[in-house]
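Remarks on the structure that follows.
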Amino acid sequence: EVTIYGRVDLGVAQYAEAAGSLKVRELRQGSGSRLGFRGVEDLGGGLSAFFDLQHRFDGDTGVAAPRYWEGQSIVGVGDKRWGSIYLGRTDAATYGLVEVPADPFLTETVAHATQIIRGRVGTNRNSSSINYRGTFGSVTLRAQIAEAEENPSTAAIIGVDAAGRFKTSAGITDKRPYSVAASYAAGPVWLAAGYENPTDKDDHWAAIAGSYDFGSVKLGAFVGSGKNVLAEGMRGTLLSLTAPIGSGALRASLGRLQNTTRHLTTDKQVGIGYQVLLSKRTALYTDIVRQQRDGIGNAKGAGRLQQTGFDLGIRHLF
Amino acid sequence: EVTIYGRVDLGVAQYAEAAGSLKVRELRQGSGSRLGFRGVEDLGGGLSAFFDLQHRFDGDTGVAAPRYWEGQSIVGVGDKRWGSIYLGRTDAATYGLVEVPADPFLTETVAHATQIIRGRVGTNRNSSSINYRGTFGSVTLRAQIAEAEENPSTAAIIGVDAAGRFKTSAGITDKRPYSVAASYAAGPVWLAAGYENPTDKDDHWAAIAGSYDFGSVKLGAFVGSGKNVLAEGMRGTLLSLTAPIGSGALRASLGRLQNTTRHLTTDKQVGIGYQVLLSKRTALYTDIVRQQRDGIGNAKGAGRLQQTGFDLGIRHLF
Amino acid sequence: EVTIYGRVDLGVAQYAEAAGSLKVRELRQGSGSRLGFRGVEDLGGGLSAFFDLQHRFDGDTGVAAPRYWEGQSIVGVGDKRWGSIYLGRTDAATYGLVEVPADPFLTETVAHATQIIRGRVGTNRNSSSINYRGTFGSVTLRAQIAEAEENPSTAAIIGVDAAGRFKTSAGITDKRPYSVAASYAAGPVWLAAGYENPTDKDDHWAAIAGSYDFGSVKLGAFVGSGKNVLAEGMRGTLLSLTAPIGSGALRASLGRLQNTTRHLTTDKQVGIGYQVLLSKRTALYTDIVRQQRDGIGNAKGAGRLQQTGFDLGIRHLF
Chain A
1 EVTIYGRVDL GVAQYAEAAG SLKVRELRQG SGSRLGFRGV EDLGGGLSAF FDLQHRFDGD
61 TGVAAPRYWE GQSIVGVGDK RWGSIYLGRT DAATYGLVEV PADPFLTETV AHATQIIRGR
121 VGTNRNSSSI NYRGTFGSVT LRAQIAEAEE NPSTAAIIGV DAAGRFKTSA GITDKRPYSV
181 AASYAAGPVW LAAGYENPTD KDDHWAAIAG SYDFGSVKLG AFVGSGKNVL AEGMRGTLLS
241 LTAPIGSGAL RASLGRLQNT TRHLTTDKQV GIGYQVLLSK RTALYTDIVR QQRDGIGNAK
301 GAGRLQQTGF DLGIRHLF
Chain B
319 EVTIYGRVDL GVAQYAEAAG SLKVRELRQG SGSRLGFRGV EDLGGGLSAF FDLQHRFDGD
379 TGVAAPRYWE GQSIVGVGDK RWGSIYLGRT DAATYGLVEV PADPFLTETV AHATQIIRGR
439 VGTNRNSSSI NYRGTFGSVT LRAQIAEAEE NPSTAAIIGV DAAGRFKTSA GITDKRPYSV
499 AASYAAGPVW LAAGYENPTD KDDHWAAIAG SYDFGSVKLG AFVGSGKNVL AEGMRGTLLS
559 LTAPIGSGAL RASLGRLQNT TRHLTTDKQV GIGYQVLLSK RTALYTDIVR QQRDGIGNAK
619 GAGRLQQTGF DLGIRHLF
Chain C
637 EVTIYGRVDL GVAQYAEAAG SLKVRELRQG SGSRLGFRGV EDLGGGLSAF FDLQHRFDGD
697 TGVAAPRYWE GQSIVGVGDK RWGSIYLGRT DAATYGLVEV PADPFLTETV AHATQIIRGR
757 VGTNRNSSSI NYRGTFGSVT LRAQIAEAEE NPSTAAIIGV DAAGRFKTSA GITDKRPYSV
817 AASYAAGPVW LAAGYENPTD KDDHWAAIAG SYDFGSVKLG AFVGSGKNVL AEGMRGTLLS
877 LTAPIGSGAL RASLGRLQNT TRHLTTDKQV GIGYQVLLSK RTALYTDIVR QQRDGIGNAK
937 GAGRLQQTGF DLGIRHLF
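Chains as they are written, first to last, in the working numbering: chain A, 1 to 318; chain B, 319 to 636; chain C, 637 to 954.
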């Protein structure tokens, strides 16, 4: 009754996550390795109970994520017609339904566009959350509300220092984070929109995305807009392309994130990659990304980073 | 050959574990979420080898227990006639065979009576233990002895301060903890008794419990008596009621724990709850408890707590 | 598709891992308890993809290894003819192919010869490694190269103090660790040789081992030679005997490790043990070892240790 699932994703790469971290050629994960346990119990009458526990770890070194069940920890009940309600730790509605599908790299490999689609504002997951998900024909709806105490705002920023880096404080007033999202998928068309209000009192992020599959190529676009923890305007755009070639697919994206209050481009990148599917579960991939990141608008207070990243790896799902 | 099992139990609740912790409305676990791996190997001739590993975690946040295999970590050999011997970390004989079954809430939900049945003296689990368990017809016997080093006494208390709270010291002489217990179950009758001598040199706890199932209602009683780490007398009583109603069950208990040396009532509570069984594995539950706890006799040195707790949750076993 | 495997190995023992640690009678693991998840996917044409994740923990107390996937964390692709390439954390080529099989106790129980076969020089496992393994008839080849950053040298030693113990420093220049090994197995003959160059700039270790199975008894010998982190010569020898008796096996070894630069014997031990196989998966074992260790050449800087160790335990595989 319990299904075990997971992935191990490792390769060689030249990539720096942030300025200050070394730009090294090394063994590196293309996406977070994971091990999960899930199950669904049929309760009759269209009702079901389900759970999903997803551990994350660094496949490179065998080190577990500090929060062991980082990926997911939920229990819920579902109804065939009305959808599911579930409790625990899981991804934010906008991140899961709008942002991740808008990135042709699905936030994976060195060419991922995580910074741009979240706008340095949104979060990927929240603990202590109550969630709803329902699919009605072509439409899927999601909503999440969580406890502020268990999801402190990632950037308790109070100003900018002389070097243009954010100063932070622990005395920030937080509030319950929530997010809502909807998507529409029919034939070649995919459309999605969402709104997220993270824990910090000032930040919020609205995102809209869409794609059209022409068969030989799928084109997509993403626009996000909102305010960061300093209540400064942020705006992100991402253009994407996916093209099946042979037994694999070419993927490319061109993105930009701007701080509209400071009239600065905080992130700018172009990425292209190819993955060969050895099977439904196993892929070899290689990617190259040219990116520029700026300290201003970077919640972590990191400085300027300009790099060409590269990877070559294997992703195995089980 | 390996069986995966577990539970995720989450709900909304208003409850404070101890005075000083906030009395908050929040997402909260009704019982510890767990993931386990166990197996039995038939060795022939009535002999078997078995193991059981049980991880505990907070389903709310995905955080693993500091001791990862908190619930259980054992390996042993069993004989059909003579019972089993097993080594490792597991529950104390009295806790598993007498105390937990005496609580109609099985130490779960906000209405649990853990403090009363353990008398603020006993422990739930010990590491580095050698255990025996055997069932002979209606009678089950259990015994445990463990290392003192791996099971330091929870309260190294040396006195009481002006505010009536315990002062603690690390210079306590510990000794090997042990426990023995027996139960009898036949038809509507259940009887159980046990004796536990935890690691501290002064504490010990004897418990006796019984219940009679009238069919429409099962009534039970528990009495515990012993000495805490200050060698002060402790006495606990718990009356319980369980009644099947519809596809669920009404559960109620009325309990009290007294420090007989100080002539004080340290715990007093009445709890009532109802759980609907959606299946054998999935239940919805709601409970209310009115309780009063006093700092005196509270090993953790917490102050006075008077509260009405409430919960509404889902418990899913897999 | 995912196979769960593992072991729990516990017993009573009198043994001290190092001087300074108490020589206690206690519950103790005979070998590291583990829980693993592995799988192989057939990609067609003789190709396959595979992964293996192996958690280690202390079965005695339920405490996880600080590095959760301590035992293994790999993903790779294999070819029936040409062998496998795999990435992640796994054992060094020499340790897995030469050293462990050379110890009749397989580095387990109190009679293990881990110190001697690694020569206080080699490592058992490396993170962030690229590995090759191939079997061609009777011959198996293995090779590993890893990142220095993720595998700091275990002993950053800069000298010896007045008490004869090593002084250590963090300012050591490390380089990529690597190892190569080959083995030959045909009928009663087993031969193996390997060379390991750990992270430290000065250390290296060459090992050669062989055994001949006479049917009623298998005799083996091991010789290792190299330099430690102080560039001092180390030389280890181990003679071994395994004899099937009844449903079990007698195992014995006689070993010595010398610091040839200082003309000192750092380790000297003789061990003998018997294990009864209750099944293919479950064994009872008892062992006795007489050993002497010296602080000089001991990377951990421990002092002199002279002891008679003893164990009696159960090892259950699943």
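Ideal Cβ placement from N, Cα and C applies to all residues, glycine included.
Residue i in three-state terms, based on DSSP
| i | result |
| --- | --- |
| C:THR639 | strand |
| A:GLN29 | coil |
| A:ALA163 | Here the model assigns A:ALA163 a pLDDT of 47, short of 50, so the residue's position is not dependable, and the following value carries that caveat. Coil. |
| B:LEU413 | Note that residue 413 of chain B is Tyr in the sequence shown, not Leu. Three-state result, B:TYR413: helix. |
| A:ARG67 | coil |
| A:VAL100 | helix |
| C:THR743 | coil |
| B:THR555 | strand |
| A:GLY313 | strand |
| C:THR918 | strand |
| A:ARG262 | coil |
| A:THR114 | helix |
| C:THR878 | strand |
| B:ARG399 | coil |
| C:ASN760 | coil |
| B:ARG494 | coil |
| B:GLY377 | coil |
| B:THR517 | coil |
| B:ARG622 | coil |
Sequence-distant residues of its chain with Cβ nearer than 7 Å to residue i (five each side left out)
| i | result |
| --- | --- |
| B:LEU345 | LEU328, VAL330 and ASP378 |
| A:GLY39 | GLU1, VAL2, THR3, PHE50 and PHE51 |
| A:GLY32 | ARG56 |
Proximity test, Cβ basis, 8 Å: residue i and chain C
| i | result |
| --- | --- |
| A:GLU17 | no |
| A:PHE214 | no |
| B:VAL439 | no |
| B:ILE396 | According to the sequence as given, residue 396 of chain B is Gly; it is not Ile. For B:GLY396, the answer is no, since every Cβ of chain C falls outside 8 Å of its Cβ. |
| B:TRP387 | yes |
| A:GLY39 | no |
| B:SER351 | no |
Spatial neighbours of residue i in its chain, beta-carbon cut-off 6 Å, leaving aside the 5 residues before and after
| i | result |
| --- | --- |
| C:ALA845 | VAL734, ALA738, ALA828 and PHE858 |
| C:ASP903 | GLN751, ILE752, LEU893 and ARG929 |
| C:THR776 | SER819 |
| B:LEU602 | VAL594 and ILE632 |
| C:LEU886 | ALA879 and TYR910 |
| A:THR282 | HIS316 |
Whole-number beta carbon distance between residue j and residue i, since they are thought to touch under 8 Å
| i | j | result |
| --- | --- | --- |
| B:GLY406 | B:SER391 | 5 Å |
| A:LEU43 | B:SER597 | 5 Å |
| B:GLY440 | B:GLU514 | 5 Å |
| B:GLY380 | A:ARG67 | 5 Å |
| B:SER446 | B:GLU465 | 4 Å |
8 Å Cβ cutoff, residue i in contact with chain A
| i | result |
| --- | --- |
| C:ALA749 | no |
| B:LEU328 | yes |
| C:ARG778 | no |
| B:PHE375 | yes |
| C:ILE672 | As written in the sequence, residue 672 of chain C is Gly, which differs from the Ile given in the question. Taking Cβ atoms only, chain A never reaches closer than 8 Å to C:GLY672, which makes this a no. |
| B:SER391 | no |
Bridge partners - residue i, DSSP secondary structure assignment
| i | result |
| --- | --- |
| B:ILE392 | B:ASP370 and B:GLY406 |
| C:GLU868 | Beta-bridge pairing links C:GLU868 to no other residue. |
| A:ARG256 | A:THR237 and A:LYS268 |
| C:PHE772 | C:VAL775 |
| B:GLU359 | B:ALA367 |
| C:SER847 | C:TRP826 and C:GLY856 |
| B:GLY329 | B:ARG346 and B:GLY631 |
Proximity test, Cβ basis, 8 Å: residue i and chain B
| i | result |
| --- | --- |
| A:GLY224 | no |
| A:VAL2 | yes |
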